[in-house]
Each structure stands twice: as structure tokens, then as C-alpha cells.
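Accompanying notes for the structure given below.
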Amino acid sequence: MLAIKIWNYIKGYVIIRIKGLTLERLLNLALSKDIYLRNVNRLDSSTLEGTVSLEGYRALEEIVQKLGCEMEVVKRRGLPFFLDRIRYRKTFIFGLMLFIVLSIFLSSIIWKIEIIGAEQTPKEEIIKLLEENNIKKGLFKHRIDKEDVEGIILAELDYLSFIDVRINGVKLIVEIKELDIDPERVDSSYPCNIVARKKGVVVKVIAKNGEALVEKGEIVEENDVLISGVIESENSDEIYLVHAEGQVLAQTRYSHMVETPIVKLEKVETGNVYKQRGIIINGKGIRFLSGEIPFENYIEEVEEKSIFNFLGFEFPIKFVNYIYREVEVKEIKQDIDFLKQASKLEATEEINKQLHKSCEIISRNAIYTIDGNILRTKVTIETIEDIGKIQIISN
Amino acid sequence: MKKDMGRFKESITTALDLPLDVALDLPKIEIIGDVRINITNHKGIIEYTNDLIRINSKIGMIKITGQGLEIKNVLMEEISINGLIEKVEIIR
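Structure representation (C-alpha cells):
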């Protein structure tokens, strides 16, 4: 129904009023001339109102004249009439076109560059770097190659662990993740805080620049501010932003748990073999002898033989041999002391991977618990290390 | 003779399970509640006022009485009427 309505609107229609005495005859004549009349309404004995298409109106005029009736147009509706009216409003049309063209034009330009995730690198630096490589505000979207942008940034900032460049509306969003970088490499002209990289108990604070916010013995959580780069003046309300520098030594703890079964299952082959043959057509297998496998525990091997292989083209039908080797499962009880040593070593190695290079180990502890068949080894290492990490203060 | 022919046609259509209105060229009158009537295969309008519409067809005159009757569509084949319908009569 909606489609018909839209079609009628595009074609244009008029609401007409016909006055006359032989209205039924008029209707029948209209029918025979294939004039499509809608919403025909009898107002009184000599008046009739109806809707007719623009084409139908011209045909109807002839009939009306022939029958000596009178016809008047009450309303004109539809696109042709609308266009007719609009023809005299050229400025309006011009404005409309200008609006559409401008919206398309303006929305295809980058208006903002946003950088997410930069904690140690100043955002201004990244934007400057992009500008040097001709990527700046006011550039057309299609002229930006996202991989190119990623390459430019990665070439300069090699300590990034993740980068994602995307265009969202009129914004160019650069999302990065940084690894910890050496303090020497940080550009000291930008104000920054020193925050905790890890949870720990503060042992010593040496603030070279900025205001120390933590004291000895205090417990700090990850991302707590240790040395602040925001300094309030004593004399006035003014705030100075400085590049905080310093060391915060704290006692931190690393732990790792390893679970090992005491009784180990080992599979030993007995030498009994059971074979089946099959065919594979286009990746789907058919087995010829699908009897029960006569072993309780077994290892399955599949050998595929293609019928022919010509210049890298593989025939889609292959022969397959299924080989089942019987195994005997043996329980081997391991020496607990040996196991303890091995799992302690394993856990310590795991922790060593996480350890910061500047750390000093003060204690190493291992706790063993036996739960049924499982030996749990928990190794805890306590260290003293610099837990400071630079975080740029953003505006 | 003509009557016999009609009966013959009718028995054939019933035997072959054909739709009657198509095979025998009869008008199809469809009434929806008391608000709308669609008549397919009509032969013109005889009278049209707000409370009475008479339509010619092969089987005679179809007389519709009601209130506020309005011809929604009128085509060569089909006519549909809106309004409060009270009575539909076929006058031979």
C-alpha cells in the first residue's frame, strides 16, 4: 500500500469536484476509458468528489465536457506540483544543493587526531611526528593509509607493544600500548608524574624533582602516584607542572604456583597392531572395515596416500591406513623430594621472567602441599626494586 | 438451450474443481466485516448515492444499502466500496 502511495505522489494527483446530473454515466464512461478514480464520494445528489491521477484528469476533462457537467480542482498534490512551485524558488534549491555538497565534503575530512593509551610518550610528540610526515588535520580521509601511519609511528617509537589506527567519523584515532621505557629516553620537557608499576611496600623515596607523596612503610597499589609533577605554590594559588624524577624503592612480592601429579601414567607399546583401511574423498573419510578396535588403550596413527600428485595438483581421492597400536598404561610413582626440587625450579624460572632487571632479591620461599595425587608448589620471591613508572600529565 | 449450456458448464467446472467465478464469468463479491465490499467482474455503476449503490453485473443488479458509502477504487474489473454496509441484495 505504501509503495502505491509513493508512486501516486511521484506521478501527481488532483482532488476534483464534479457537478452535474448524470454522474453515474460519467463514472461508467470513466471506467470504459480506463481512468483510475479513487475515493469517490457523493457530497449531494448533484455533486461528486474524487481523486484522479494527473493523466486521468486530462482524459476526464473530455468526458465532462461531453456530458455537460462542471469540474473544478479542489487540491493539487504530488511531486509534479511541488516541482512546479519550487521552480520559482531558485535560491532555496541552490541552498539545498550547497548544504548537501558541503556536508559530504566536510565529513570526508579529518578534523581531529586523537591518541589513546599514551602514558609515557607525550601526545604532542606523536601529533608532531605525524605532522612532519604530512598527516594532519584537514586532510582528506581517503588520502590516509592506516598502515602507513602505523609504520611511521612504529619506526620512531620502537618500544610500543601495540598500535591501532582507525578512522571514526571525522576523527583519526591512534591507540597505542607502551612497554616500560628507560627514564633517560623520556623527553624531560613534558610534565609527568611517577606512578607505581606494581603493588608494594615503600622502603625509600628519593625525589630529584617533584613532590614525593608517599613515605617509608606505606603500601602502594598499582597506578598510585608516588612522586607528583604537580606542585602548588606556597605563596599563591598557582600550580606548576614539572617533570618528576626520582627513585621509589619498594618491597614487592612475586609468586607462582606449579601443580604436578605424583603418580605419573606412562604408555608402553605391547607390539599388538590392528589395521583398518579407508578412502578419503574430498576431505570426507570412508572406512572399509569398521569393526571394533580390540584394545582398551591404544595410539591411533593415520597414514594418507594420495593416488597421484601432479605438479602440486592433488587428486581429491586418497587411500588411508588407520593403524592402532596397543599400549599398556603403567603407573610410575615418582620420588617426592625430587619432584619438589623440580617444581620449585620451574616456578622460580617462571618468576624470573617477570622480574625487573634492577631488582634485588631479599628472600625466596617455597611452600609444598600434597592434595591426593597432586603436589602443589608455591614459590614466593620478595624483592626490593624501583617501582616508579613515568606517566605524562595530560592537559 | 442457453440454460442447458450454462448447467453443462457448471457441472464441468465442479467436476474439474475450477474456480467458479473465472470459469463461468460470474462476479465475485467479497464482504469484509460491515465496512468494505470488493466486487470483481462488474459491468458498471447504475446509481450512486451516499446510502445506496447499484452495480450492474452478469447475474443481475447488485444493490448495496448502508451509510456513508464511498467508492474507494473503481477500475474496469474491480470496484471497492467503503462505508457502513447494511444490506447486499441481488436483483434479477
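Protein chains in written order, with our numbering: chain A, 1 to 395; chain B, 1001 to 1092. For each residue, glycine too, the CB sits at the ideal point set by N, CA and C. Source: prediction; values computed, not measured.
Option nearest residue i by Cα separation, candidates the options
i, options, result
"E1070/B", "L54/A, M71/A, L48/A", "L48/A"
"R1092/B", "V1074/B, S1057/B, E1086/B", "S1057/B"
"I1059/B", "E1089/B, S1011/B, R1036/B, L1026/B", "L1026/B"
"N1073/B", "V101/A, N39/A, E70/A, E62/A", "N39/A"
"D180/A", "L157/A, L172/A, I167/A, E301/A", "L157/A"
"Y1048/B", "G68/A, T380/A, T22/A", "T22/A"
"K171/A", "W111/A, L160/A, F105/A, N41/A", "W111/A"
"V165/A", "V220/A, S189/A, I135/A", "I135/A"
"E119/A", "N297/A, R143/A, R197/A, K267/A", "R197/A"
"D34/A", "L43/A, D44/A, G56/A", "G56/A"
"E1077/B", "V1035/B, K1028/B, M1061/B", "K1028/B"
"L154/A", "K141/A, K177/A, H142/A, L139/A", "K177/A"
"T252/A", "E331/A, G200/A, S46/A", "G200/A"
"E222/A", "V202/A, G210/A, I262/A, V230/A", "V202/A"
"R17/A", "Y9/A, W7/A, R76/A", "R76/A"
"L396/A", "D1004/B, D1021/B, G1068/B, K1009/B", "One cannot answer for residue 396/A here, as it falls past the ends of chain A, which runs 1 to 395."
"Y159/A", "N8/A, I206/A, K208/A, T121/A", "T121/A"
"I1039/B", "N1050/B, I1062/B, I1046/B, L1024/B", "I1062/B"
"G1083/B", "I1045/B, N1050/B, K1043/B", "N1050/B"
"L1024/B", "E1010/B, D1017/B, H1042/B, S1080/B", "E1010/B"
"I280/A", "K318/A, N272/A, T369/A", "K318/A"
"L129/A", "R143/A, I113/A, H142/A, G138/A", "I113/A"
Beta bridge counterpart(s) of residue i as assigned by DSSP
i, result
"I1048/B", "According to the sequence as given, residue 1048/B is Tyr; it is not Ile. Note: Y1048/B sits in a beta bridge opposite I1053/B."
"M71/A", "I18/A"
"N1082/B", "R1036/B, E1070/B"
"K353/A", "Paired residues: none, contrary to the question."
"Y324/A", "Y274/A, E300/A"
"A207/A", "G246/A"
"L265/A", "E331/A"
"S306/A", "K318/A"
"T348/A", "BP columns for T348/A are empty, so no partner."
"S255/A", "T380/A"
"A212/A", "I227/A"
"Q391/A", "N193/A"
"A366/A", "V379/A"
"I176/A", "I163/A"
"I116/A", "E175/A"
"I219/A", "V201/A"
"K1087/B", "T1065/B"
Check whether residue i and residue j have beta carbons under 8 angstroms apart
i, j, result
"R376/A", "E259/A", "yes"
"L31/A", "G50/A", "no"
"D248/A", "P191/A", "The question names Asp, but residue 248/A in the sequence shown is Val. In this structure, P191/A does not lie closer than 8 angstroms to V248/A by Cβ."
"I1064/B", "I1037/B", "yes"
"Y274/A", "P294/A", "yes"
"L265/A", "V320/A", "no"
"L29/A", "G20/A", "no"
"L1066/B", "E1089/B", "Going by the sequence as given, residue 1066/B is Gly instead of Leu. Contact: no."
"A250/A", "S228/A", "no"
"I219/A", "I390/A", "no"
"I381/A", "Y254/A", "yes"
"N297/A", "V327/A", "yes"
"I299/A", "R325/A", "yes"
"S161/A", "F140/A", "no"
"I432/A", "I116/A", "Only positions 1 to 395 of chain A appear in the structure, and residue 432/A is not among them; the question remains open."
"S53/A", "Y9/A", "no"
"Q334/A", "I262/A", "yes"
"V302/A", "K344/A", "no"
"I239/A", "E211/A", "no"
Within 7 angstroms of chain A by C-beta, residues of the region 1032-1044 of chain B in sequence order:
G1044
What are the complete beta strand (DSSP E) segments, minimum 3 residues, inside the region 223-249 of chain A?
225-228, 230-232, 239-241
Would you list, in chain order, the members of the region 8-39 of chain A that have their beta-carbon closer than 8 angstroms to a beta-carbon of chain B?
L23, E24, L27, N28, A30, L31, S32, D34, Y36, L37, R38, N39
Please identify, using Cβ separations under 7 angstroms, the residues of the region 1045-1070 of chain B that lie next to chain A, in order along the chain.
I1045, I1046, E1047, Y1048, T1049, N1050, E1070
Entirely within the region 38-68 of chain A and at least 4 residues each: give me those alpha helix (DSSP H) ranges in chain order.
54-67
Please give the ranges of any alpha helix (DSSP H) in the region 133-174 of chain A, keeping only runs that are unbroken, at least 4 residues long and fully inside the region.
146-156
Going along the chain, which residues of the region 39-58 of chain A sit with their C-beta nearer than 9 angstroms to a C-beta in chain B?
N39, V40, N41, R42, L43, D44, S45, L48, G50
Short of 9 angstroms Cβ to Cβ, which residues in the region 1003-1018 of chain B face chain A?
none
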